[in-house]
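Counting in our numbering, the sequence shown tops out at residue 357, every number present. Idealized CB from N, CA, C, for every residue including glycine. Comments concern the structure below.
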Amino acid sequence: KDAAKPAKNKLKDAKKGTITLTDAEKAELEAVMKKASADEKSIKAEMEALENDLIVVKGEEKVEPKTYKIDPKKIDISKIAGKEEIKHAMEDILKNGKNSKYVIIDSRGMAEIIGERKMDNVARGGHIPGSTFMEWNKISDLENRKSFKSAKELKDVYAKYGITKDKIIYAYCMVGAGRGSEHITALELLGYDNIKVFTGSWDVWGNDMNLPLKR
């Protein structure tokens, strides 16, 4: 419509006699209007064909406010660890190596692990000494857009990294609510019992100058 408007106005002016157009000019303007009309019909047809696949929101949707109550008794905090617990596990790993009963999984990417990348609100980049580097995508089925690989594949990959059921396992990421929790969920589904996510994760560890780190 916008493309045809100038042509339409010129033809109107020519009818009124305010401007003079040659036959060739009139034909050219009429062709512009005809093409614009055809384009508009084509777009409408495409929109109608897509209508069933599109989510259309018409006008403002009014949402009624709701109130929720959290029952503290229903919150399971048994799978949450703080920095002191992680520090103890780290010290045991550094002392006993593979014979330690602890594993600390760092589920972040390599740029975060070596300290090249960090959040602006974190003072230091790096990783907890003694951590096992196992990025979250090692357990995800990205090709099929699934959160986790098959149970067999998960068992195999955890075994490869020495993450066995006889260990006390911690996982961390940047804050603990995403990648670290994904590891804990996968391990829980596999029947692991001694598993915890480091709440606050690197956001806590990286900002505590009294805690050691490696890059």
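Are Ile305 and Lys221 closer than 8 Å when you measure CB to CB?
No, these two residues do not count as a Cβ contact at 8 Å.
Can you tell me whether Lys147 is helix, strand or coil according to DSSP?
Helix, per DSSP.
Using beta-carbon positions only, say whether Tyr314 and Ser249 come within less than 8 Å of one another.
For Tyr314 and Ser249, yes; Cβs fall inside 8 Å.
Buried or exposed, going by whether 16 or more other CB atoms sit within 10 Å of the CB of Val317?
Buried, because 16 or more other Cβ atoms sit within 10 Å of the Cβ of Val317.
Tell me, to the nearest whole angstrom, how far the beta carbon of Ala146 is from that of Ala178; I am working on the premise that it is less than 8 Å.
Confirmed, Cβ separation roughly 4 Å.
Compute the Euclidean distance between the alpha carbons of Asn238 and Val339, then round it to the nearest angstrom.
Cα-Cα distance, rounded: 22 Å.
By a C-beta neighbour count over all protein chains shown, 10 Å radius and 16 as the cutoff for buried, is Thr209 buried or exposed?
Thr209 is exposed by the Cβ-count criterion.
What residues match up with Thr274 in a beta bridge as DSSP calls it?
In the DSSP output, where bridge partners are listed per residue, Thr274 has Ile247.
Suppose the cutoff is 8 Å on Cβ atoms and the five residues either side in sequence are ignored; what does the same chain contact list for Gly333 look like?
Only Lys307 meet the Cβ criterion.
Please look up how many angstroms separate the CB atoms of Lys367 and Lys243, rounded, as I've assumed it's under 8 Å.
Absent from the structure is residue 367, since the part of the chain shown begins at 143 and ends at 357.
Going by C-alpha to C-alpha distance, which of Met261, Lys297, Asp283 and Ile246 sits closest to Gly322?
Of the listed residues, the one whose Cα sits closest to Gly322 is Ile246.
Less than 8 Å between the beta carbons of Ala223 and Thr341, yes or no?
Contact: yes.
At what residues does the beta strand (DSSP E) containing Tyr312 begin and finish?
Tyr312 -> beta strand (DSSP E) spans Ile310 to Tyr314.
Is Asp283 near Phe275, with beta carbons less than 8 Å apart?
Result no, Cβ atoms of Asp283 and Phe275 do not sit closer than 8 Å.
Taking the runs of the alpha helix (DSSP H) that are 4 residues or longer, which of them lie wholly in the region 150-228?
Those alpha helix (DSSP H) runs which fall completely within the region 150-228 and span 4+ residues are 165-192.
In angstroms, rounded to a whole number, what distance separates the CA positions of Trp347 and Lys225?
Approximately 7 Å between the Cα atoms of the pair.
Would you kindly report the start and end of the unbroken alpha helix (DSSP H) that includes Ile255?
Counting along the chain, the alpha helix (DSSP H) containing Ile255 begins and ends at Met252 to Ile255.
Please report the Cβ distance between Ile228 and Tyr312, rounded to the nearest whole angstrom; I am assuming they are in contact, meaning their Cβ atoms lie under 8 Å.
Right, their Cβ atoms sit about 6 Å apart.
Between Ser292, Glu277, Asp234 and Asn352, which lies nearest to Leu331 when the distance is taken from Cα to Cα?
Ranking Ser292, Glu277, Asp234 and Asn352 by Cα distance to Leu331 puts Ser292 first.
Can you give the Cα-Cα distance for Asp165 and Lys176, rounded to whole angstroms?
Asp165 and Lys176: Cα-Cα distance of roughly 16 Å.
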